[in-house]
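Last residue of the sequence shown: 512 in the numbering used here, with the numbers rising by one and none dropped.
Glycine included, every Cβ here is placed at the ideal spot set by N, Cα and C.
Bear in mind that the values here come from a model prediction, so they are computed numbers and not experimental data.
Presented below is the structure to which this report refers.
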Amino acid sequence: MTTLPDRPNTALLVIDIQNGVMADAHQRDTVIANIAALVDKARTQDAPVIWVQHSDEHLTKGSDAWQYVPELARHETEPLLHKTYGDAFEDTDLEGVLAAAAIGRLIVTGAETDACIRSTIHSAFTRGYDVTLVGDAHTTQDQSAWGAPPPEQVIAHTNLYWSDHRAPGRTAAVTDAESIAFTS
């Protein structure tokens, strides 16, 4: 139901599952296992898997912290986008990659829930994409020392408000990893 014409395909977006990001992430191993299962499912169903990798002054490009976690292996044919802003669309070629593959629906996984995930799902939605957030395949670190709620509350709140997000001509949804389908 995307508002983007002639974009019937679905892609899996894997955002920032990097060593430095995931080192202290809430339910790290469970989230990575759920993402790994989704990557396998997407590949089996011939859905594109698009990888996003962040760098900034705390996550230096090329460092061990910047590398994707060893549990996830990207295939050489799968797009890898490098970003320096929270939103995976900002100053990247994500829109071009999605247009070239006729993608109108995104299945979103990754980290950090309260930053890169939220900004990317909102950005995709306002651009006309249908956006499904995988409720048990995104995470964040504990930012409560700086006034944020605990990670499990950040994740639960994001799942809650995204499951009720509405706009004309597109859909927002939250689904668990096991229930995701890449084909209709």
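query: Beta-carbon proximity check, Ile345 vs Val397, cutoff 8 Å; result: yes
query: Gln355 (DSSP reduced to helix, strand or coil); result: coil
query: Runs of alpha helix (DSSP H) wholly within the segment 406-457 (minimum 4 residues, chain order); result: 422-428 and 446-454
query: Alpha-carbon to alpha-carbon, Thr486 and Arg446; result: 8 Å
query: C-alpha gap between Val459 and Thr441, whole angstroms; result: 15 Å
query: Cutoff 7 Å; reference Lys389; Cβ partners in own chain excluding five residues on either side; result: Ser383
query: Neighbourhood of Ala505 by C-beta, 7 Å cutoff - its chain only, sequence neighbours within 5 removed; result: Asn362, Ala365, Leu366, Val462, Asp464 and Ala465
query: Separation of Leu341 from Glu418, as counted between CA atoms; result: 15 Å
query: Residue range of the alpha helix (DSSP H) that includes His485; result: Pro479 to Ser491
query: Nearest residue (CA-CA) to Gly515, options Asp470, Gly497, Ser451 and Ala375; result: This structure leaves residue 515 out entirely; the chain is present only between 329 and 512.
query: Gln469 classed as buried or exposed, judged by whether at least 16 other C-beta atoms fall within 10 angstroms; result: buried
query: Residue nearest to Glu480 in terms of C-alpha spacing, selected from His354, Thr331, Asp334 and Gln373; result: His354
query: Reference Gln471; option with closest CA among Pro333, Ser507, Asn347 and Asp352; result: Asp352
query: Unbroken alpha helix (DSSP H) run spanning Val349, endpoints; result: Asn347 to Met350
query: Thr331 versus Gly432: straight-line alpha-carbon distance, rounded; result: 8 Å
query: Exposure of Tyr457, with buried meaning 16 or more beta-carbon neighbours within 10 Å; result: buried
query: Between the CA atoms of Arg356 and Leu387 - distance to the nearest angstrom; result: 18 Å
query: Under the three-state DSSP convention, the category Trp394 falls into; result: coil
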